[in-house]
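What follows is a short report on a single structure.
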Amino acid sequence: MDPFAPLGRFINDQAQQCTYSPADTPSADCGAPATWHILWNVDCEVSLACDQHMTVVRSRYVFVDSHRIGPDCAMPGALWDTAAKRCMYPDEPVGSTAAAELHTPT
Ligand SMILES: [Zn+2]
Ligand SMILES: [Zn+2]
């Protein structure tokens, strides 16, 4: 059995609905309100799942991380925080601290 989930077509997941789609067609989409966020791989491919389909995912497929859906999940620009087990926005623009340090005279 292939341990890797067939990720299928791109699905706009900002509606936070379960994106489980056995036949990879819109008519096969689950569409239930999602309760879990799944990180499949280090390329940051993610899916949303309802309780029922999270059970299927856990029993069948390998994935890197998962967490309960939060308000920032699947929103543009939000980052997956594996330590905090949630999606969040960075508090400050990435790189601003490093750039400041680079220009500090020595
Ligand atoms: Zn579902
Ligand atoms: Zn998330």
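All residue numbers for the sequence shown refer to my numbering, where the first residue is 6 and numbers rise by one.
Think of the CB as a built atom: it goes at the ideal place given N, C-alpha and C, for glycine as much as any other residue.
Because the structure is a prediction, the values reported are computed rather than measured.
Query	Result
As assigned by DSSP and simplified to three states, the class of VAL61	helix
Coarse secondary structure for ASP56, derived from DSSP in three states	helix
Simplified DSSP state of SER2, which is helix, strand or coil	With the chain covering only 6 through 111, there is no way to say anything about residue 2.
Nearest-angstrom Cβ-Cβ length linking SER71 and LEU44, presumed shorter than 8 Å	7 Å
Neighbouring residues (CB closer than 5 Å to any heavy atom of ligand 2)	HIS42, CYS78, CYS92
ALA37 CB to nearest heavy atom of ligand 1 below 7 Å	yes
Assigned exposure category for CYS49 - 16 Cβ within 10 Å defines buried	exposed
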